[in-house]
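Reading through the structure tokens given below for one structure.
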Amino acid sequence: MQELVLNQPVSTARSELVREAAQADARREFEERLAECGPLAFRVARGVLRNTADAEDVAQEALLRAYKSFHRLRDRSRFRGWLVRISFRVALDRLRSAKRREQRDTLWAKPEHLPPVASAEEIAASKQFQGHLDRALEELPEKLRLVLLLSAMDGYTIEEISSMMGVPLGTVKSRIFIARKKLAEKLRCHANTIKMR
Amino acid sequence: MPCEHYKDALIEVAASGATPSGELYAHLDACTSCRDAFVEEQTLFAAIDSGLHTAANTEVPVSLLPRVRARLDEAITTQRHWIQPLGFASAGVALAFLLLLIVRPHGNVPNNVPKQTPAAPTPMAPAAGTHIEISPSSIQVASTTPNLLHTPRTSTVKHSAASSHPEILVPPDEREGLAQLVAMLNQHKDFAAAFLAPRPEKKDALVTVDPLLISDLEIKPLEGTETETSDGTGERH
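Which chain is which? The protein sequence lines are A and B, in order.
Counting in the working numbering, the first sequence runs without a single skipped number right up to 199 at its last residue.
Counting in the working numbering, the second sequence runs without a single skipped number right up to 376 at its last residue.
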């Protein structure tokens with residue numbers, strides 16, 4: 003019993019040291035990826051939310067989640083794709099909850115009695131098209147939307163997107179093609195807006 | 140309006156970003172409306188790509204990475220704050236358990252403690268002229284579900300110390316009978332004395348059984364019967 007009482011603090015301290023060392027290693031490794039992948043997380047979130055402040059919050063949340071689960075990621079080379087999926091998922095959750103909140107607020111505020119609010123952005127033609135595009139993008143299936151967003155980002159080739167998402171190259175290409183066609187179908191009726199730009 | 144036959148083909152070509160070739164190229168060269176429609180499609184896809192590029196390449200706020208780092212630090216600190224007390228708490232619980240294991244045998248009391256607390260009268264010889272008094276107030280009615288294990292040890296001790304009378308735990312259904320017994324004992328002191336009188340102690344002695352004595356046996360043939368003998372061959376004589 004004496005031995006147990008004497009050894010316990012030593013083993014606890016040792017395990018504490020081991021844990022801290024492992025944590026420091028994980029932190030270092032994560033930091034190395036943070037500078038490269040942080041902007042990616044932000045841009046994915048921004049592509050979904052179309053709001054810089056919200057996107058920054060979501061990117062932070064996604065990076066924090068990624069850090070907490072970093073030890074579970076065995077193949078560290080897949081970090082980017084993993085982070086992209088986390089960011090996309092968190093951003094979608096945020097968008098859905100924002101929509102729910104908006105619906106609730108709209109219901110409570112009884113908008114039929116309120117005058118329609120038109121922002122300067124909506125009035126401007128170029129911004130109007132961007133608004134239509136955002137809405138059309140939002141209606142795309144998630145798989146198509148994510149691939150299209152990644153393909154529109156600077157610095158990512160189709161091959162990189164393919165390895166990032168873990169899908170074949172041909173699938174990435176066909177998803178991009180289908181997504182663009184779907185967007186065009188939705189935006190064709192706003193073609194006159196484009197002429198104004 | 141583009142020609143219906145070439146409508147899908149020119150959308151496909153515009154979507155893929157390729158240049159029209161072959162039959163489509165010849166038709167576009169000849170048909171003005173299809174050419175206009177093709178230019179419109181190209182403009183539409185260019186606008187989509189441009190809009191997507193704008194949306195996808197927004198300037199990353201400078202504050203993003205420092206904030207993430209700060210939140211990571213915060214998360215680690217919080218984790219540490221949780222882990223350390225948890226470790227100490229578990230060690231404390233283990234130590235308390237060990238102490239409990241050490242202390243327990245010394246304080247161990249048999250489970251029949253409450254059975255002893257009634258202070259049942261020990262067989263003592265009452266002195267001549269001893270006045271026996273059992274007051275009904277000293278009878279303690281036991282609960283219907285007596286939990287002997289959880290009966291607080293100290294409570295009976297305190298109670299016993301407070302009153303000089305012996306205490307008896309009585310279940311509620313036997314209370315009336317005991318009250319009658321007490322009343323009867325108070326009336327007939329000799330009965331009470333007989334109750335409390337010591338029993339003559341018998342020392343256990345070895346039980347011995349005397350050997351069974353059987354008188355001499357006399358064997359006589361029964362009257363009116365013939366003697367049968369057998370020679371072992373099965374023949375009777």
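C-beta atoms are modelled at their ideal positions from N, C-alpha and C, and glycine is treated no differently.
Given the structure is predicted, the values throughout are model-derived calculations rather than measurements.
Would you say residue i faces chain B, with C-beta separation under 9 Å as the test?
i, result
"A23(A)", "no"
"Q130(A)", "no"
"M167(A)", "no"
"S121(A)", "In this prediction, S121(A) scores a pLDDT of 45, lower than 50, which makes its location untrustworthy; the coordinate-derived value is nonetheless stated afterwards. It does not; no Cβ of chain B falls within 9 Å."
"P143(A)", "no"
"G172(A)", "no"
"I125(A)", "Per-residue confidence for I125(A) stands at a pLDDT of 42, beneath the threshold of 50, marking its modelled position as unreliable; the derived number appears in the next sentence. Judged by the 9 Å Cβ criterion, I125(A) is not in contact with chain B."
"F32(A)", "yes"
"D77(A)", "no"
"F81(A)", "no"
"R45(A)", "yes"
"R87(A)", "no"
"A93(A)", "no"
"L146(A)", "no"
"E161(A)", "no"
"L116(A)", "Unreliable placement is indicated for L116(A), whose pLDDT of 43 sits below 50; the coordinate value is still reported in the next sentence. Not one chain B Cβ lies under 9 Å of L116(A)."
"A2(A)", "The question about residue 2(A) has no answer here: the residues shown for chain A are numbered 3 through 199."
Would you say residue i faces chain A, with C-beta separation under 9 Å as the test?
i, result
"L345(B)", "no"
"V152(B)", "no"
"F175(B)", "Per the sequence shown, residue 175(B) should be read as Asp rather than Phe. No - not a single Cβ of chain A is within 9 Å of the one on D175(B)."
"D312(B)", "no"
"S172(B)", "no"
"L191(B)", "yes"
"V242(B)", "no"
"V207(B)", "yes"
"S160(B)", "no"
"E180(B)", "yes"
"F236(B)", "no"
"A264(B)", "With a pLDDT of 43 at A264(B), under the threshold of 50, the modelled position of this residue cannot be trusted, and the question is left open."
"L149(B)", "no"
"L203(B)", "yes"
"L239(B)", "no"
Residues in its own chain within less than 8 Å of residue i by CB, not counting five upstream and five downstream?
i, result
"C142(B)", "H166, C170, S172, C173"
"L183(B)", "A153"
"V86(A)", "L42, A43, V46, L148, L152, M166, M167"
"G190(B)", "none"
"D147(B)", "none"
"W84(A)", "A68, L75"
"F236(B)", "none"
"F177(B)", "P141, L149, V152, A153, P159, L167"
Residues in the same chain with beta-carbon distance under 7 Å from residue i, minus the five sequence neighbours each way, listed in chain order, please.
i, result
"L97(A)", "V50, L51"
"I180(A)", "L146"
"T54(A)", "R48"
"P113(A)", "Since pLDDT at P113(A) reaches only 43, below the 50 mark, its modelled position is unreliable, and the value read off the structure follows with that caveat. Closer than 7 Å at Cβ, skipping near neighbours: no residue."
"A60(A)", "The amino acid occupying residue 60(A) in the given sequence is Val; Ala does not appear at that position. These residues qualify, in order along the chain: A47, L51, S89, V92, A93, R96."
"K183(A)", "none"
"Y145(B)", "L163, H166, C173"
"I125(A)", "Caution applies to I125(A), whose pLDDT of 42 falls short of 50 and renders its modelled position unreliable; the model cannot decide the point."
From this set, the options, which residue's C-alpha is nearest residue i's C-alpha?
i, options, result
"Q132(A)", "L66(A), K184(A), L146(A), L189(A)", "L189(A)"
"E34(A)", "M155(A), G168(A), F72(A), M166(A)", "F72(A)"
"L36(A)", "F81(A), C191(A), R102(A), T173(A)", "F81(A)"
"R29(A)", "A209(B), T158(B), V178(B), K146(B)", "A209(B)"
"K129(A)", "L361(B), S155(B), T193(B), P159(B)", "T193(B)"
"A57(A)", "E141(A), A186(A), R74(A), A100(A)", "A100(A)"
"E198(B)", "K175(A), G40(A), L66(A)", "G40(A)"
"R177(A)", "L142(A), Q25(A), L19(A)", "L142(A)"
"C191(A)", "E180(B), T347(B), S354(B), V201(B)", "E180(B)"
"R21(A)", "A176(B), I215(B), P200(B)", "I215(B)"
"A138(A)", "A186(A), R103(A), A154(A)", "A186(A)"
Using 8 Å for Cβ pairs, my map puts residue i next to residue j. What's the rounded Cβ distance?
i, j, result
"F44(A)", "L203(B)", "6 Å"
"E161(A)", "L171(A)", "6 Å"
"I187(B)", "L135(A)", "6 Å"
"R243(B)", "Q62(A)", "That pair is no contact at about 53 Å."
"N196(B)", "D156(A)", "5 Å"
"L211(B)", "L66(A)", "7 Å"
CB-CB under 6 Å to residue i, same chain, minus the five flanking residues each way: which ones, in chain order?
i, result
"L152(A)", "Y158, I163"
"L116(A)", "Reliability of the predicted coordinates at L116(A) is poor, the pLDDT of 43 falling under 50, and no value is obtained from them."
"R16(A)", "none"
"F227(B)", "none"
Residues of chain E with CB closer than 7 Å to the CB of residue i, please, in chain order.
i, result
"T54(A)", "Here chain E cannot be found, since the structure's protein chains are A and B."
What residue ranges within the region 36-76 of chain A form continuous alpha helix (DSSP H) runs of no fewer than 4 residues, ordered along the chain? Taking only runs of at least 4 residues, the alpha helix (DSSP H) segments lying wholly in the region 36-76 of chain A are 54-70.
Ignoring anything shorter than 3 residues or poking outside the region 309-360 of chain B, list the beta strand (DSSP E) runs there in chain order. none
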